[in-house]
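Letter by letter, the sequence shown follows residues -17 to -1, 1 to 714 in mature numbering (1 follows the signal peptide of the UniProt record, and there is no 0).
In this text, a Cβ means the ideal position worked out from N, Cα and C, and glycines have one as well.
These numbers were taken from a predicted model, which means no experiment stands behind them.
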Amino acid sequence: MKRVCSVLFLCSGLLCAAPIRTPGLRKPVEILRDRWGVPHIYAATVHDLFFAQGYITATDRLFQIDLWRRVGSGKLAEVMGPAYIDRDRLARAVNYRGDWAAEWAAYGSDAREIVTAFTEGVNAYIHSLGANLPREFKIAGYAPGLWVPEDCLSRVAGLTMTGNLTREVTHAEDIRRYGIERTLQFTRIEPHAAMTVPAGLDLAAITADILRTYRQTVGPVRLTTEQGSNNWVVDGTLTATGRPILANDPHRPVQLPSLRKTVHLNGPGWNAIGSGEPGLPGIALGHNDSVAFGFTIVGIDQQDLYVESVNPSNAAQYRYRGAWKDFETRQQQLALKGEAARTITLRYTVHGPVIAEDGAAHRVYALRWVGSEPGTAGYLAGLSLARARDWTEFRAAMARYRVPSENLVYADTKGNIGWQVGGLTPIRDGWNGLLPVPGDEGRYEWTGFRKPEELPFEFNPARHYIATANHNILPEGYKIPIGYDGWALPFRVTRIREMLAAGKKFDIADFVRMQQDVTSLPAQRFQAAVRGWHPAEGTATARALAEVLQWHAVLAANSHAALLYELWMSKLPSALFGEMAAKADLDMQLRKLEAGVDPAILEKTLEGALAEVDRRKVTTWGALHQLTLAHPLGKAEFQLGPVPRPGDANTVNATSGTNFRQTNGASWREVLDVGDWDRSVMTNVPGESGNPGSSHYSDLLADWAAGRYHPLPFSRKAVEAATEERIELIP
């Protein structure tokens, strides 16, 4: 088999390769790569379409998807050593172990065919490499493994996006330390629900150490040699063209390579373009000929932690409903780098996998979560969404959307707009899931799941727009409990609504500007709260206060006032709340200021901010607030940045992180002109390729940082005009 890079020549001014003979393909496939690195795949069969997607994904992102495969299947220790045994053990424990026929059927009648073809394409590219592996593998000292379809159904990626396990533990620790009343003062629960300690729960049994391995498992992988998203849609009443426009910028860790891969899929029953997880077939957001869709995470509670009592006389048993019950166990071989393979034992209770143990106290901790149910591998519902032709078919496809739970906004070429919440939603009778629960008596059980049609939705609202930003989306009067403590503060969605209510006719450029907006509503509230303070004239604090008050509350990267504001705000929580500082969210901090505080606190904290400016030797917000894209290998030569960044966690252009560094945000953005698709635009940072030597490794970084987008061609004519490379795969 010849590789893409073999025998390159110019054809009609484009970079072309000799046809690539690809065993496993059934008919020729044409791939047109546009000048921004996006592959547009044209195939004669569904099998070949997804085979080619797997092949071209491996061409662009092999090291990334191989690492993800190892994370999901629990095979990191095989190439990284014994330090990853616990992480691999948990990854294997949470993977699906139920009825595989039901699992495949949940994604659609042809899902297995599609996933199998995708993995065959990945493997075809791996076989084509022989010993000529990408440089990353040579540095890391291992070879890529071959894929099986089940690799696309791993559950680890869904752990962080399915609910409140970590919050349950935090709530329990807080109640033990501070009591319920004080904990509730610093806990945002919407709608109101009682936080009472479940009968039989020993709070002393709940410590952060329970989550040690869990946090390692869901964290990033590094090799050594604030969720947030926005979407909104408007109907033609509010646009210059009379057509709907849809905008989406899902926020996740901004990583190298990008966590999303853009692709155009054209074949029998398929003509869809957008982005998805690199290691999965299809797209998760984007559009087809008729409809567009984009998502944000919604706060459905899809997890619960159970404290199980182990038999002191027989560690192979736990108590359930008055009797000792044997753990379900599974033994698996775990290959280890540099050592002989080990046999590990995975244990399960009726509630789910054991994720932590306390042998001395005869306790284990089991996770009940939706990932144990069929059809809960993340984002594969996109296979149905991408083929929906109208609102009815879209909602039917959303019934398959189980993990993660999402707000999907919708628009179609007939002018309709809509919103549908999707996600597998547990029913808890008589309890609310805010705290861990004892598992022994069987009183805290899920009794089923909500029907998809019970979840919130909206179609063609009278306001002519819909917007979500991870906030509390429950409609007024909605009585079904789907979650209480997983909502983002409403600053971003409020700002989006302000801009949508501007009384103008919007176009694509307007929505691009909205996605880049860094006007800070918290900063405006802060200014109003401190305006009545008058430090001594002529002092450094007086000058700094005047600068902050004269500022327009725009967190521009080149702003000195924005720097002062952010550093000042960072000093206030400990001064206002003492030991509870870490528990006070931004709204609580602002309310405290608005209620009036001792001027001495303002003086001291502003002086601290000015000292911080001097210590750090920075003069603008962007000099402090920066993004560095680090490669998983940790090699400086692959690293990109640092890049000065505007905004913060609570601006529409959300740029959150720790220690003033951006780590999370919108790495992939789209603004879609519904019906005139070729006018749509997008960006994906730092580029479509994960190969350090590729021209598309970092070609989009500068434009992304500057807020510039590129076209997203869809018609064959527009794709041809933007094509820089033709690739032909032949059987």
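- S681 sits buried, since 16 or more C-beta atoms from the chains shown fall within 10 Å of its C-beta.
- DSSP, reduced to helix, strand and coil, places V131 outside both helices and strands of the structure shown, so it counts as coil.
- About 5 Å separates the beta carbons of P629 and A539, which is inside the 8 Å limit, making them a contact pair.
- Put simply, the backbone Cα of H270 is about 7 Å away from that of A369.
- Sorting V495, V131, N455 and G658 by C-alpha distance to the C-alpha of G219 places G658 at the top.
- For M497, no beta strand (DSSP E) segment is defined; the enclosing uninterrupted segment is the alpha helix (DSSP H) at I491 to Q498.
- Excluding five sequence positions before and after Q316, the CB atoms of its chain that fall closer than 7 Å to its own CB belong to A324 and T326, given in chain order.
- N647 sits in a strand when the DSSP states are folded into three classes.
- By alpha-carbon distance to Q36, the top candidate from L148, A176, N231 and K244 is K244.
- Exclusion of the five residues before and after A471 leaves G211, A452, N453 and H454 as the residues of its chain whose Cβ lies within less than 7 Å of its Cβ.
- For T602, same chain residues with a beta-carbon under 8 Å away, outside a window of 5 residues either side, are H543, L546 and V596 in chain order.
- The segment 65 to 126 contains, as complete alpha helix (DSSP H) runs of 4+ residues, the segments 68 to 77, 83 to 89, 94 to 112 and 118 to 123 (chain order).
- Per DSSP, the continuous beta strand (DSSP E) segment holding K308 begins and ends at A306 to D309.
- From the listed residues Y467, F34, P387 and Y448, the smallest Cα separation to L417 is found for Y467.
- According to DSSP, residue pairing for G269 in a beta bridge involves G257 and F276.
- Exposed is the label assigned to Y461, since fewer than 16 other Cβ atoms lie within 10 Å of its Cβ.
- Per DSSP, K10 is not a residue of any beta strand (DSSP E), being assigned neither H nor E.
- The alpha-carbon separation between A126 and A506 amounts to approximately 50 Å.
- Counting of Cβ neighbours within 10 angstroms places S678 among the exposed residues, the total staying below 16.
- DSSP places F697 outside both helix and strand once states are collapsed to three, so it counts as coil.
- Counting only the Cα atoms, E520 lies some 49 Å from V216.
- Between G277 and N214, the CB-CB gap stays under 8 Å.
- A residue is called buried when at least 16 other Cβ atoms come within 10 angstroms of its Cβ; K121 does not meet this threshold and is exposed.
- In this structure, the alpha-carbon of A339 lies about 11 Å from that of I189.
- Measuring C-alpha to C-alpha distances from N647 to each of L655, E653, N633 and R9 identifies N633 as the nearest.
- Y548: member of the alpha helix (DSSP H) spanning H543 to F560, first to last residue.
- In this structure, DSSP gives E156 a helical state, which the three-state scheme calls helix.
- Under the DSSP definition of a beta bridge, E711 partners with E13.
- In this structure the segment 146 to 158 lies against the segment 282 to 293, because at least three pairs of beta carbons, one per stretch, are closer than 8 Å.
- The bridge partners DSSP lists for E590 come to none.
- By the CB criterion at 8 Å, I68 and A60 fall inside the cutoff.
- Only exposed fits H517, as fewer than 16 other CB atoms lie within 10 angstroms of its CB.
- In the same chain as T143, and ignoring 5 residues on each side of it, the C-beta atoms closer than 7 Å to its own belong to V201, in chain order.
- The alpha carbon of L438 has as its nearest neighbour, out of N390, D395 and G250, the alpha carbon of N390.
- For G141, the enclosing alpha helix (DSSP H) begins and ends at V139 to L142.
- Going by DSSP, S639 is part of no alpha helix (DSSP H) at all; its letter is neither H nor E.
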